[in-house]
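Worksheet: one structure, shown below.
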Amino acid sequence: MKRLEKLYEGKAKVIFKTDNPDLVIQYFKDDATAFDGVKKDTVNGKGVANNSISSKLFELMKKNGIETHYEEKLSDNEMLVKRVEIIQTETIVRNISAGSFCRRYGFDEGVEFEAPTVEFSYKSDEYHDPLMCDDHIRVMGLATEDEIFQMRTMALKINQILQTFFDSIGITVVDFKVEFGRYKGRIILADEISPDTCRFWDKVTKKKLDKDRFRYDLGDVEETYAEMMKRIGD
Ligand code: TMP
Ligand code: ASP
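Have a look at this one:
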């Protein structure tokens with residue numbers, strides 16, 4: 015599939031047109047940003063790792079009945095995906111307290127929740143991805159009540175699938191963010207699932223195996239992306 019003109023460039027990926035109007039190429043960059051783009055750097059090998067990891071995890075989703083935009087991995091950095099209309103909310107599932115949950119509420123990190131939580135935020139660097147309740151998503155016209163229900167239901171199912179898989183390779187799924195898109199009247203999983211968009215902790219050593227190593231200068235950033243690609247199985 016030939017790469018045509020650039021359609022969109024985000025902080026970590028670029029989307030290119032193809033000669034099929036229903037399909038686009040998602041290119042994973044080595045660029046890393048944090049805090050709404052304030053911190054910026056290059057992480058060698060991140061694009062290759064995230065493309066490989068996302069491909070595997072999208073295949074895992076498909077096997078377990080979650081429809082995704084994933085078609086096939088085209089090269090080290092490129093993935094062929096369905097062209098969707100991205101819903102401008104991020105859906106976040108948390109199993110253990112970390113990140114903005116702790117910052118926002120002054121809550122300790124590492125507390126396991128009785129049941130997973132689902133929250134939505136507005137996809138906007140300008141406004142710092144603020145939390146959104148269902149009614150605000152609806153009045154902003156970002157998604158309908160039925161779409162919100164579907165996103166919440168799918169996110170919880172994705173959580174179960176991820177937990178089962180990562181448990182088998184000795185990793186705890188602390189939390190993650192997913193994005194959904196509209197495709198031919200359906201809501202499907204889009205974007206990526208990678209150490210950029212999830213928090214993963216090693217079950218034994220408790221080592222953080224995700225983008226928090228970059229966000230908080232914890233060291234071993236490149237090594238961690240490479241290790242995750244290996245553990246997930248390339
Ligand atoms: P948070 O604790 O900072 O709200 O992050 C929750 C999860 O969402 C975590 O797994 C990292 C992921 N995430 C993104 O994918 N993109 C973002 O812009 C942010 C802030 C978090
Ligand atoms: N991707 C986000 C940004 O650069 C933040 C993050 O992942 O922490 O703005």
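The numbering used here applies: residue 15 is where the sequence shown begins, and numbers increase by one. Note that the Cβ used here is the ideal one computed from N, Cα and C, for glycine as well.
Short Cβ contact (8 Å threshold) for residue i with residue j
| i | j | result |
| --- | --- | --- |
| residue 217 | residue 185 | yes |
| residue 105 | residue 134 | yes |
| residue 240 | residue 59 | yes |
| residue 30 | residue 20 | yes |
| residue 187 | residue 78 | no |
| residue 63 | residue 243 | yes |
| residue 98 | residue 83 | yes |
| residue 101 | residue 166 | no |
| residue 92 | residue 37 | no |
| residue 71 | residue 39 | no |
| residue 245 | residue 235 | no |
| residue 137 | residue 158 | no |
| residue 162 | residue 203 | no |
For residue i, three-class secondary structure by DSSP
| i | result |
| --- | --- |
| residue 76 | helix |
| residue 220 | coil |
| residue 244 | helix |
| residue 62 | helix |
| residue 292 | Nothing can be reported for residue 292: it is not among the residues displayed for the chain, which extend from 15 to 248. |
| residue 239 | helix |
For residue i, the first and last residue of its enclosing beta strand (DSSP E)
| i | result |
| --- | --- |
| residue 93 | 92-96 |
| residue 55 | 53-56 |
| residue 190 | 185-197 |
| residue 110 | 103-110 |
| residue 39 | 37-42 |
| residue 45 | 45-48 |
| residue 204 | 200-204 |
Extent of the continuous alpha helix (DSSP H) run through residue i
| i | result |
| --- | --- |
| residue 249 | For the chain, the structure presents residues 15 to 248; residue 249 sits outside this window and is missing. |
| residue 115 | 113-119 |
| residue 228 | 226-229 |
| residue 149 | 148-153 |
Contact test: residue i Cβ vs the ligand ASP heavy atom, cutoff 7 Å
| i | result |
| --- | --- |
| residue 51 | yes |
| residue 117 | no |
| residue 229 | yes |
| residue 139 | yes |
| residue 48 | yes |
| residue 25 | yes |
The ligand TMP heavy atom lying under 7 Å from the CB of residue i
| i | result |
| --- | --- |
| residue 213 | yes |
| residue 114 | yes |
| residue 185 | no |
| residue 210 | yes |
| residue 67 | no |
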